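Novice:
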Ligand SMILES: [Zn+2]
């Protein structure tokens, strides 16, 4: 770790301490999706009835094509936070996602926890992913979600310097390890309904890939997405994240 990184992390610790967050404060600031201590992230605006379906860790040839069919059957657009290394290996699938009208965001090159990643690698992870996706797509990538939500002030500054709006979320469950689609959909439904009651939009995370390898089975997540589409199509409006300006109120 360089001295600048140490200063950066200590500055974060200081900010947490100032809030009275002692034990576990750094973890809260660095990992919790709703924390804004290390810098602003886009979560969701005060727009009850709006839902953003977001899918992380693709593109995944074992899952993403089926998901595209599912979204098309509901005429819904979603946001895909892609791993750059997977995108490089699956450029046709990246283009297929974009040509169906979905929004594509940067989810780093190799999915490290950026709260604990050296500065030079943080920059490399973000820049290489944006450059690769932009070369495949021919359009700018403007949104970024840190893997595991992990971040520190330097990470968010680096993202903004690359023209990326950092995004976290307000509705996620352990879909990557839960084999029962009904359980995933049930937990997310309770979160969405609670957010709607509170007058808030929902920024929902599901996974169409697994960050360790291409080809991961994500059928439970896809079946849960199908249930959410069935449940909310009549009452809610599905949007991509660019519908929510980064200047909108973003506390989760
Ligand atoms: Zn991820």
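In our numbering, the protein residues as written are 76 to 327. Ideal placement from N, C-alpha and C gives every residue a C-beta, glycine not left out. Owing to the predicted nature of the structure, the values given are computational and were not obtained by experimental measurement.
1. Whose CA, out of 279, 197, 223, lies closest to the CA of residue 102?
2. Rounded to a whole number of angstroms, what is the C-alpha to C-alpha distance between residue 294 and residue 173?
3. To the nearest angstrom, how far is the alpha carbon of residue 104 from that of residue 304?
4. Contact defined as beta carbons within less than 8 Å: I believe residue 117 pairs with residue 316. What is the distance between those atoms, to the nearest angstrom?
5. Which residues in the same chain have their Cβ closer than 6 Å to the Cβ of residue 254, if we skip the five residues on either side of it in sequence?
6. Buried or exposed, going by whether 16 or more other CB atoms sit within 10 Å of the CB of residue 324?
7. Is the beta carbon of residue 161 within less than 8 Å of some heavy atom of ligand 1?
8. Taking 6 Å as the limit, tell me which residues put their C-beta closer than that to any heavy atom of ligand 1, in chain order.
9. Identify every residue that forms a DSSP beta bridge with residue 125.
10. Return helix, strand or coil for residue 179, following the three-state DSSP convention.
11. Could you work out which residue in 107, 100, 112, 120 is closest to residue 275 when comparing CA atoms only?
12. Of the residues 301, 234, 140, 125, which one's Cα is nearest the Cα of residue 202?
13. What did DSSP end up calling residue 297 once you bin it into helix, strand or coil?
14. Under a CB-based cut-off of 9 Å, is residue 137 close to chain C?
15. Is there contact between the stretch 266-280 and the stretch 142-152, where contact requires at least three CB pairs shorter than 8 Å?
16. For residue 134, does the three-state DSSP call read helix, strand or coil?
17. Report the three-state DSSP secondary structure of residue 242 (helix, strand or coil).
18. Can you name the start and end residues of the beta strand (DSSP E) that residue 281 belongs to?
19. Check each candidate in 248, 283, 258, 301 and name the one with the smallest Cα separation from residue 133.
20. Grouping DSSP H, G and I as helix and E and B as strand, with all else coil, what is residue 247?
21. Can you tell me whether DSSP reads residue 237 as helix, strand or coil?
22. Tell me, please, which residues DSSP counts as bridged to residue 154.
23. For residue 327, which residues in the same chain have their Cβ closer than 6 Å to its Cβ, ignoring the five residues on either side in sequence?
24. Hey, quick one: how far does the alpha helix (DSSP H) through residue 292 stretch, first residue to last?
25. Within the continuous alpha helix (DSSP H) that includes residue 101, where are the two ends?
26. Report the rounded CA-to-CA distance for residue 286 versus residue 228, giving the unit in angstroms.
27. Need the endpoints of the alpha helix (DSSP H) that residue 161 sits in, please.
Specialist: Here's the rundown:
1. Looking up residue 102 in the chain shown gives position 27. Closest by alpha carbon: 223.
2. As a first step, residue 294 must be located in the chain shown, where it is residue number 219. As a first step, residue 173 must be located in the chain shown, where it is residue number 98. Their backbone Cα atoms lie some 22 Å apart in a straight line.
3. Residue 104 sits at position 29 when you count from the first residue of the chain shown. Residue 304 sits at position 229 when you count from the first residue of the chain shown. Between residue 104 and residue 304, the C-alpha separation is close to 32 Å.
4. Here residue 117 refers to the residue found at position 42 of the chain shown. Here residue 316 refers to the residue found at position 241 of the chain shown. With 8 Å as the limit, residue 117 and residue 316 qualify as a contact, their Cβ atoms being about 7 Å apart.
5. In the chain shown, counting from the first residue as 1, residue 254 sits at position 179. The residues are 295.
6. The residue labelled residue 324 in the question sits at position 249 within the chain shown. Note that residue 324 has pLDDT 45, beneath the 50 cutoff, so the model's placement of it is unreliable and the number below is only indicative. So residue 324 ends up on the exposed side.
7. Start at 1 with the first residue of the chain shown, and residue 161 comes out as number 86. Not under cutoff, so the answer is no.
8. 131, 132, 182, 186, 222, 286
9. Counting from 1 along the chain shown, the entry for residue 125 is found at position 50. In the DSSP output, where bridge partners are listed per residue, residue 125 has 312.
10. For the purposes of this step, residue 179 is taken as residue 104 along the chain shown, with counting starting at 1. In the structure shown, residue 179 sits in a strand (DSSP, three-state: E or B).
11. Looking up residue 275 in the chain shown gives position 200. Among 107, 100, 112, 120, the Cα nearest to that of residue 275 belongs to 120.
12. Position 127 of the chain shown, counted from the start, is the residue given in the question as residue 202. Closest by alpha carbon: 234.
13. Numbered from 1 along the chain shown, position 222 holds the residue referred to as residue 297. Note: residue 297 maps to helix in three-state DSSP.
14. Among the chains in the structure shown there is no chain C, since it carries only a single protein chain.
15. no
16. On the chain shown, residue 134 is found 59 positions in, with the first residue counted as 1. Correct three-state label for residue 134: coil.
17. Within the chain shown, residue 242 is the residue found at index 167, counting from 1. In this structure, residue 242 counts as strand in the three-state DSSP scheme.
18. To locate residue 281, count along the chain shown from 1; it is residue 206. Element bounds for residue 281: 277-282.
19. Here residue 133 refers to the residue found at position 58 when the chain shown is read from its first residue. When each option's Cα is compared against that of residue 133, the closest is 283.
20. Your numbering for residue 247 matches position 172 in the chain shown. If DSSP states are grouped into helix, strand and coil, residue 247 belongs with coil.
21. Numbered from 1 along the chain shown, position 162 holds the residue referred to as residue 237. Of the three classes helix, strand and coil, the one that applies to residue 237 here is coil, per DSSP.
22. Residue numbering aside, residue 154 sits at position 79 when the chain shown is read from its first letter. BP columns for residue 154 point to 129, 178.
23. Your numbering for residue 327 matches position 252 in the chain shown. Because residue 327 carries a pLDDT of 42, less than 50, the predicted location of this residue cannot be relied on, and no value is offered for it.
24. Residue 292 sits at position 217 when you count from the first residue of the chain shown. Premise fails: residue 292 is in no alpha helix (DSSP H) and is neither H nor E.
25. The residue you call residue 101 lines up with position 26 of the chain shown. Counting along the chain, the alpha helix (DSSP H) containing residue 101 begins and ends at 100-106.
26. Here residue 286 refers to the residue found at position 211 when the chain shown is read from its first residue. Here residue 228 refers to the residue found at position 153 when the chain shown is read from its first residue. The straight-line gap from Cα to Cα measures roughly 24 Å.
27. Your numbering for residue 161 matches position 86 in the chain shown. Where residue 161 is concerned, the enclosing alpha helix (DSSP H) stretches over 159-164.
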